[in-house]
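Trainee: Take a look at the following structure, please.
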Amino acid sequence: MDSFLLIWLERRAFAVFLLWLAVQFVPTVQAQTPLSQMYHRGWTVQDGAPNNIEDAIQGPDGFIWITTDDGVFRFDGVTFERYRPPAGTALISDRMNSVSVTPDGSLWLAYMLGGVTRIKGNQLTNFTEKDGLRSGHIGAISQDKDGRTWIIGSRGLQFIRGNHVTQFHGAHGEGDIYGESVTVDRDGNVWMAQGANTIRVLERGSDQLNVAFRGPYAGCVKAHDGGVICWPYKISDPVLHLAVSHGKVSSGRLATGTSGIFDLLAARDGTIWMGTEKDGIERFDAESNKLARNSRIKIDVFGHKDGLTGKRASTIFEDREGSVWVAGDKGLDQFRMVPVHQVTLDAFLTTLPTNGIWPHFIIGTRRLVDVTSDTYSPLTREFESGHQPRAEFRGDDGTIWVGGTDGLWRYVNRQFSRVALPVDLQGIDRIIQTVVEDSSHGIWVTISNNGLYRLKDGLWARRGGYVGLPDKTAYAALRDGRGELWFGFLKNVLARVSSGRVTVFGSSDGLSIGDIRTLNERDGSIWIGGEHGVVVYNNGKFEPLRLREAELVRGVTGLVFLPNGDLWVNAASGAYQVKHDELVAWESDRMHAVRWRKLDYLDGLDGIPNPLLGNPSAAASPDGRLYFGMNGALEWIDPNRLPTNPIPPPVWITDVRTLDEDFVPGEQTLRLEPNVRNLEISYSAPSLLIPERVRFRYRLQGFDSAWVEAGSRRKAIYSKLPPGTYTFQAIACNDSGVWNRSGASILLTVKPTFSQTIWLRLCIIVALSVLFFLYFRIRLNRTKQRIANRMYEILGERQRIARDLHDTLLQSVQALMFKVGVAARKLPVDDPVRPLLEATLVQSDQVLMEGRKLISSLQTKEEPSEALLDSLRVIGESLRHTYPSTEFFVDVRGSERILSTVVNPELCTIGREALTNAFQHANAAHVWLELNATPEELRLKVRDDGNGIDAQILARGYRDEHWGLRNMKARSERLGGRFTLNSSLGAGTTVEVAVPAFVAYKDAPGGLRERFRRLFR
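The sequence shown runs contiguously to residue 1017 in UniProt numbering.
Put into C-alpha cells, the structure is as follows:
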C-alpha cells in the first residue's frame, strides 16, 4: 500500500510540475502587435537624411516632405532630395518650421520667422506681411470643409480663402487667439490648443469660438471616430478625447504618458502613438484603454536603445499605405506591420513535424511542445543537458520519435523515454539526423558518421539489411503514399527503397541539385529541395522548377503543400509562395517559369533555416498557419491572409540633367542643346510601404524600340542622342505588383548642330544637284559633240560620194548619152534601130535624173519636220494607190521643229522601209504614220493591223537574206536613237524610232533646258 501511495504522489507531483511549466511557457497575448515585432527601419545623416528635422508629412505627390532650418526636403523611401521650386519662383526662406497637407491637395510650408508657402501641383504661392499675413512664428495650419485654411501662431488666428488673408476675432470680439495647434475634425469643427491656457472649438457653421477644455494642452489631432485627441504639456496629465455637438463638449481620458509628449498620432487601426522628448515613442490601444482619471496602463515603448534613430520623437504621421513614420532630432524612422510573426521560445533550434498535418502540432525545442494558435503547451520535461532535437516523426500508432544531438527518444502515452542505439556505432557522435517509419512499422534513422539503421522489434539492422544503400549520412527522409522510402544525401545522391529493392539516383540520371536537404510528395511525384533549388522526380525524369525573372532559389530546406494546392518553399534566400494554378501550368509545360511571391527580411522573416536539421524547415499546422524554423527563431504566417498593397505608386520625373545643364523638374517640355551627352533622367515612385520592391520600366519614344526593364534602378542614361523630339515615359509597380501604367512622361527636344540642320542639308543637296547638273551637262556636251562629229563625218562622206558620182558616173553617162544621140541622129528615119536608140536615150534621161536626185539627197540640208512628214506622206499615198485595199492615216503631234541635216534623210529612209513593209508584206487593212516632236525627243512610228511577225524572227531581229529590219535598227542607233519593234502573229506590227532632242533638232539647247527644268522640278 505504501508503494502504491508513493507512485501516486510522484505522478501528482509530476503533473503539478507540468502545469507550472505550462503557466510559465505560454506567452503573453497582447491586443496589438508589439512595436518590437513590427518592421522598423531608420535613416540618419549617414543615409542621406537631413539633420535636425522640424516636421514631416506625406504630401499629395506621395513623397515625404521634411522641413528643417536648412530648407525643405523630399523622400521617396530610398533617396532624400532637396526641394527645388519651379523655374521663376522661390521660397520665402530656408528656415522652415512646419509642413501641412490640406484636403484640397495643397501642401503648406510655415516659416520660423513668419510667412507661409502654398504648393499645389506646379504652382507656388507665398503669403507674407504684404499679403496681409501677420509676421511671427507659425505653429500649425489646417483646412476646414468650407475651404478656409486656418493658421495659428504667435501673432493670432488667421485664415486664407483663395488668396485672401483674414484675421479671426470671433463673434463676440474675442481678442487675438494664440496657440501652437489648429485641427479640423471629421465633422468640420475647428479645434485650437492654446498651450498653457485652454482648448477652444469653433463648430462648423458658427462664428463663436468656445472653450472646450481648460488646462495646459499642447496640441490636438483628428480622431477617426470623430472629435480630436489632445496631448498635455505636463507628464502627469492624461491624453484626452474631445468631441462637440450642438455646443456641448464631451471628454474622455485615455492613457498617461511616461515622458513629455511632442506629437501624437491617432492611427487608422485605433492605436495612439505618442512622440516623446526622451523616451522615443509610446503606443497604446485607444479603444481598450479608456481609463478613469489618475489610472495608468502598461504602454508599449520603443526608444533609442531599441533602435530608434534618436531619443526625441518630435513628429509622427501615418502614410496612405499604413506605415507610421517618426521624425526626430537624429533621423527618420518607419514602422509597419509584417505578415511574419515571431514566437519567443527559449531554444536555439526548433524542430518541426515532418510527415503531414498532425491532429496536434508538436514541435521540438528544449522539450516537446504542443502548439495551438498562440498557446504553447509543454508535453515533456526538458531534454537532458546539451540535447537539441534534429528530427521528429509521428509513427502510425501515434508514437512521436525525436532524434537529436544526444540520441533517439520516444514519446508515447505521455511517457518520454530514451531509446538505446546500436552497439556497433563508430566514433563518439550520436547525432540522429533523420527519422522515418516504413510501412512495416520499422523505424529508420540516420546516425552521423554511421549511415542508416533500421529498428524493428528492438533490433537494429545496419542499412536495414540492404547492401545497395549508400553508407553515408542522409539529410532528408520520406515515406511516400505508396510506402516507398526515399533518402537524400549530399552531392546529388538520392536513394529509393521499394518492394525490397534499392535504386540509387545521381548526376548521371539527370539529378542536379547539389546537397539534398528536404523531400516531399505531390500527386505521386517526389519533390526534392536542396542546395541549388527544387527538382521534381516523375516518370523516371528529374525536372527543375523554374521561377520567373530568373529568380535563383538556393539552400532549400522546406517544401510544404497546403490544402489549397499552393506550394511554399523555405530557402536561405527567403520563403516563396507558388500558387496552385502556376504548378498546374508547370506540370503541363515543364519549360514554364512559375510566378512567385517572396517573403524575406522585409516581411519580418528573421534569419535563415538551419541546413543541418533532418526535418523540413517549414510545416503547416491544423489551424492553417505555416511555421518556419529559422536559426534561433520560430516564425509563422497565415498564408490565407497575406497582406497586399492595392495602391499603385505615383510616378514622377524628378531630375533631368546633362554634362552641361541641370533642368528644374516640373517642366513638361525641355529643349536640350545640340550634341547632348550623358543625358540622365531620374524618376521616382514613392510607394513607401516597401520601397525596396518598387520596380520600374521606362522608354524613350523615338529612340527605344520597347520598354526597358529597369528593376529597382531609378535613373535612365542616354548618350549621343541625335536631334529630334522624344517622349520619355516611366511606369512603376508597388511591392504587390500593382502597376501604375499611366506613369509620368516628359517631352524632350534635342536641338541640331549646324551640321545637322535642315538648311545645311538643303544646301548640300543643292550643291550636289548643281555638281550633278554640271557633270551631266559636261557628259551631255561630250556625247553631243561625239555624235555631231560622227554626223559630220557621215555628212562629209555623203558629200564626197555625191561629188564623185557627179564628176564620174553622171558625167560619163551624160557623155555616153551624147554619143548615142549623135549615132541615132545619123541613122535614117526609117531605120528600125533608130526608135530603139531613141527609147534608150529617154530611159537614159530618167536614169540621169534619178542620179541627180540621189546626189541631191546625199548633199543634205536642214529642213523642218513638216518636210519629213510630207516626204513620208507622199511615199505612203503612192503605196496606197499601189495597194488600194489598205487604208493610210497620218497623225502629227507636237510643234514644228527644224531638224538637223542628218536626221531628216535617215528618218525618211527608215520611214520608207517601214511603210513599204507594212503595205507589201503585212496584208494589213490599215496603216498609220505618226510623227511626234516633243521637247525631249522626236518619235516616228509606223504601225499596222496586219499579219504580224513570227516570234522567232522577232527574237532574231531580222529575216534571212532580208536587210530591211537590220538597216532600220542600224540607222536608228547611228543617230543615237532608240529602235523598238513590237509584233505578234495576227495582232499587227509597230515600228518606232525615238531620236534625242539634242540630235534631232537644230535648236537642241532649248530642249535640254526644258529637260533639266523637269528633272529638278
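All C-beta atoms in this analysis are idealised placements derived from N, C-alpha and C, irrespective of residue type, glycine included.
With 16 as the cutoff for other CB atoms within 10 Å, does isoleucine 764 come out buried or exposed?
Mentor: exposed
Trainee: Can you give me the Cβ contacts of arginine 268 inside the same chain, cut-off strictly under 8 Å, excluding the 5 residues immediately before and after it?
Mentor: His224, Glu318, Gly322
Trainee: Spatial neighbours of leucine 18 within its chain, please: CB distance less than 7 Å, with the 5 preceding and 5 following residues excluded, ordered by chain position.
Mentor: Unreliable positioning characterises leucine 18 in this predicted model, as indicated by a pLDDT of 36, which lies under 50. The coordinate reading is nonetheless provided below. Setting aside the 5 residues that flank it on each side, leucine 18 is surrounded in the same chain by Pro378, each with a C-beta closer than 7 Å to its C-beta; the list follows chain order.
Trainee: Does the segment 673-693 come within contact of the segment 91-106, defined as at least 3 CB pairs closer than 8 Å?
Mentor: Counting Cβ pairs under 8 Å, fewer than three are found: no touch.
Trainee: Can you tell me whether glutamine 426 is buried or exposed? The criterion is at least 16 other CB atoms within 10 Å of its CB, across all chains shown.
Mentor: exposed
Trainee: Closest to proline 544 by CA distance: which of Phe561, Leu562, Asp589 is it?
Mentor: Residue Asp589 is the option with its Cα nearest to proline 544.
Trainee: Could you check the C-alpha separation between aspartate 263 and glycine 275 for me, to the nearest Å?
Mentor: Their backbone Cα atoms lie some 5 Å apart in a straight line.
Trainee: Using the Cα positions of valine 694 and tryptophan 325, report the straight-line distance between them to the nearest angstrom.
Mentor: 19 Å
Trainee: Taking its Cβ as the centre, do 16 or more other Cβ atoms sit within 10 Å of arginine 943, making it buried, or is it exposed?
Mentor: Buried, since its Cβ has 16 or more Cβ neighbours within 10 Å.
Trainee: Do the CB positions of leucine 975 and valine 991 come within less than 7 Å of each other?
Mentor: no
Trainee: Among Glu692, Thr658, Arg761, which one has its Cα closest to the Cα of valine 750?
Mentor: Nearest option by C-alpha distance: Thr658.
Trainee: For serine 259, which residues from the same chain have a beta carbon less than 6 Å from its beta carbon, with the 5 sequence-adjacent residues on both sides left out?
Mentor: For serine 259, where only same-chain residues beyond five positions count, the Cβ hits under 6 Å are Thr276, Glu277, Lys278, Asp279.
Trainee: Do valine 436 and arginine 479 count as a contact pair if the criterion is CB distance below 7 Å?
Mentor: For the 7 Å CB-CB criterion, arginine 479 and valine 436 form a contact.
Trainee: In whole angstroms, what separates the C-alpha of serine 36 from that of threonine 309?
Mentor: 15 Å
Trainee: Near arginine 697, which residues of its chain fall below 8 Å by C-beta distance, leaving aside the five closest residues on each side in sequence?
Mentor: Excluding sequence neighbours, arginine 697 sits near Trp707, Val708, Glu709, Ala710, Ala730, Ile731, Ala732.
Trainee: Applying the criterion that 16 or more other CB atoms from any shown protein chain within 10 Å of the CB defines a buried residue, is glutamine 58 buried or exposed?
Mentor: buried
Trainee: Note down, in chain order, each residue of its chain lying with its Cβ closer than 7 Å to the Cβ of threonine 783, except the 5 sequence neighbours on either side.
Mentor: none
Trainee: Using CA coordinates, which residue listed in Thr753, Ala243, Gln415 is at the minimum distance from threonine 183?
Mentor: Taking only the C-alpha atoms, the option nearest threonine 183 is Ala243.
Trainee: Alpha carbon to alpha carbon, how far is serine 93 from residue 1020? Give it in angstroms, no decimals.
Mentor: Because residue 1020 is not part of the residues shown, which for the chain are 1 to 1017, the question remains open.
Trainee: As a quick exercise: from Tyr411, Gly331, Trp108, pick the residue whose alpha carbon is nearest that of aspartate 370.
Mentor: Considering only alpha carbons, the answer is Tyr411.
Trainee: Among residues of its own chain, excluding the 5 on either side of tryptophan 596, which ones have a beta-carbon nearer than 6 Å to its beta-carbon?
Mentor: Leu547, Tyr576, Val578
Trainee: From what residue to what residue does the alpha helix (DSSP H) around aspartate 704 run?
Mentor: No alpha helix (DSSP H) holds aspartate 704; DSSP gives it neither H nor E.
Trainee: If you reduce the DSSP assignment to three classes, tell me which class leucine 21 lands in.
Mentor: Summary for leucine 21: the model assigns pLDDT 38, below 50, so the residue's position carries little reliability, and this model does not support an answer.
Trainee: Report buried or exposed for alanine 140, applying the criterion of at least 16 other Cβ atoms within 10 angstroms of its Cβ.
Mentor: buried
Trainee: Go to residue 1066, then tell me how far its alpha helix (DSSP H) extends in each direction, as first and last residue.
Mentor: One cannot answer for residue 1066 here, as it falls past the ends of the chain, which runs 1 to 1017.
Trainee: Round the Cβ separation of asparagine 645 and asparagine 734 to the nearest angstrom and send it over; I've been treating them as touching at under 8 Å.
Mentor: Beta-carbon to beta-carbon, asparagine 645 and asparagine 734 are separated by about 5 Å, close enough to satisfy the 8 Å threshold.
Trainee: Compute the Euclidean distance between the alpha carbons of serine 206 and tryptophan 739, then round it to the nearest angstrom.
Mentor: 45 Å
Trainee: Measuring only the C-alpha atoms, how far is alanine 660 from leucine 672?
Mentor: As written in the sequence, residue 660 is aspartate, which differs from the alanine given in the question. If you take the alpha carbons of aspartate 660 and leucine 672, they lie about 10 Å apart.
Trainee: Which of the three DSSP states is assigned to glycine 529 in this structure?
Mentor: In the structure shown, glycine 529 sits in a strand (DSSP, three-state: E or B).
Trainee: Sorted by chain position, which residues of the same chain lie with C-beta nearer than 7 Å to residue 1021's C-beta, five sequence neighbours on each side aside?
Mentor: A query on residue 1021 cannot be resolved here, the shown segment of the chain reaching from 1 to 1017 and no further.
Trainee: For aspartate 638, does the count of other Cβ atoms within 10 angstroms reach 16, so buried, or fall short, so exposed?
Mentor: Aspartate 638 comes out exposed.
Trainee: What ranges does the beta strand (DSSP E) occupy inside the UniProt domain "Histidine kinase/HSP90-like ATPase" (902-999), keeping only unbroken runs of at least 3 residues that lie completely in it?
Mentor: 926-933, 937-944, 978-983, 989-996
Trainee: Identify whether residue 1103 lies in helix, strand or coil by the three-state DSSP scheme.
Mentor: With the chain represented from 1 up to 1017, any question about residue 1103 goes unanswered, as that position is not in the structure.
Trainee: What are the start and end residues of the beta strand (DSSP E) that includes residue 1056?
Mentor: Outside the displayed range of the chain (1 to 1017) lies residue 1056, so it cannot be described from this structure.
Trainee: So, with DSSP's three-state summary, where would you put lysine 305?
Mentor: helix
Trainee: Is it right to say leucine 774 is buried, meaning 16 or more other beta carbons lie within 10 angstroms of its own, or is it exposed?
Mentor: exposed
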